[in-house]
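All letters in the sequence shown, in the order written, are residues 147 to 397 by my numbering.
First the structure, in the form of structure tokens, and then the observations on it.
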Amino acid sequence: MSKIGRPIKTIGPLCNELKSNNDTTLQIQMRFVTFIMPDSCLEWLDSKPQHSVVYISFGSVVYLKQEQVDEIAHGLLSSQVSFLWVVRPPPKHLKAETHVLPVGFLEKVGDRGKIVEWSPQEKVLEHPSTACFVTHCGWNSTMEALASGVPVVAFPQWGDQVTDAKFMVDVFKVGIRLCRGEAEGRIVPREEVEKCFRAATSGPEAAEMKQNALKWKKAAAEAVVEGGSSYKNMCDFVDEVAGLVATKSCN
């Protein structure tokens, strides 16, 4: 990329909240108003043991086929893990049917699971009860998982999601892959779903992924504090822009 003849500054991760080594919360001011208040997600998580809950969310763009939703639901039933599952209504442009859970699903899982249409994702990822994040590996979700120190079950569908998933699983070693993307053209069966959920929540593989995830969380926090790599790059960027403006004004 340096061949384009312009300086490249790496800045990030850009998350609402990060904690440094001394546990000081670093608030990044965001210019928007949150109209949706956190519902009972966090209270429900408070009732669960540490690192025991599978958090499932596929962002605002990915909308799975009904058959895949069925397989995920049955995988959750068989795995016996606790879970928080964000099941959103379909985007209007898709003109798709709203997802339906298998008959008797909610009755069978009881308090072991919670289904919501929306969740305060960064707070959920920061919660001590969250064990792993089942995600499509969109850019924002990927950054939030790394900054929170949460392992992922990667379920990418297209575009940069597949690349993000590869980095999370094969490079950063903080996840396992449930699917390689929409290009596979298959429905991931419940047996595979169950196997991944179990592997991500207990056993040596889960412990290793968590250890690696915490290392990346530490690195992310150190990057944005004063003196960190991201902090320095942002300052350099601002200085360069200010210099260009000053030069243009003089001319």
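Glycine included, each C-beta is placed from N, C-alpha and C at the ideal position.
Just so it is clear, the structure is predicted and the values come from calculations on it, not from any experiment.
Consult DSSP for residue i and reduce its assignment to one of helix, strand or coil.
i    : result
W264 : coil
K394 : helix
S186 : coil
R323 : strand
Y201 : strand
G221 : helix
W285 : helix
W362 : helix
F383 : helix
F229 : strand
Going by CA-CA distance only, name the one from the options that's closest to residue i.
i    : options                   : result
A345 : A365, V320 and E330       : V320
T156 : A366, K394 and A392       : A366
P266 : R326, W190 and A311       : W190
G250 : D216, V339, A293 and A353 : D216
G221 : E243, V371 and E337       : E337
F343 : I322, R152 and D385       : I322
A353 : K364, H197, E386 and S395 : H197
G259 : E330, K341, E372 and K194 : K194
V370 : R152, I154, P153 and G158 : G158
Rounded to the nearest angstrom, what separates residue i and residue j at their Cα positions?
i    : j    : result
V317 : F301 : 16 Å
Y377 : W231 : 35 Å
Y201 : C278 : 6 Å
Q212 : V246 : 7 Å
T347 : V298 : 10 Å
M314 : T288 : 8 Å
W362 : A293 : 7 Å
S224 : V339 : 9 Å
M355 : G349 : 10 Å
S203 : N379 : 32 Å
P274 : K394 : 51 Å
Counting C-beta neighbours from all protein chains within 10 Å, is the total for residue i 16 or more, i.e. buried, or is it exposed?
i    : result
P248 : exposed
P400 : There is simply no residue 400 to check, as the chain begins at 147 and stops at 397 in what is shown.
S206 : exposed
C219 : In the sequence on display, residue 219 carries Ala and not Cys. Flag for A219 reads buried.
S228 : buried
F383 : exposed
T170 : Low local confidence applies: a pLDDT of 43 at T170 is under 50, so the model's placement there is unreliable, with the coordinate-based value given in what follows. T170 comes out exposed.
K241 : exposed
D310 : buried
G284 : buried
Q357 : exposed
Whole-angstrom Cβ separation of residue i and residue j, contact assumed at under 8 Å?
i    : j    : result
G295 : L390 : 38 Å between Cβ atoms; not a contact.
V208 : H282 : 4 Å
Answer with yes or no whether the minimum CB distance from residue i to chain D is below 8 Å.
i    : result
V299 : Among the protein chains of the structure shown there is no chain D, as only one such chain exists.
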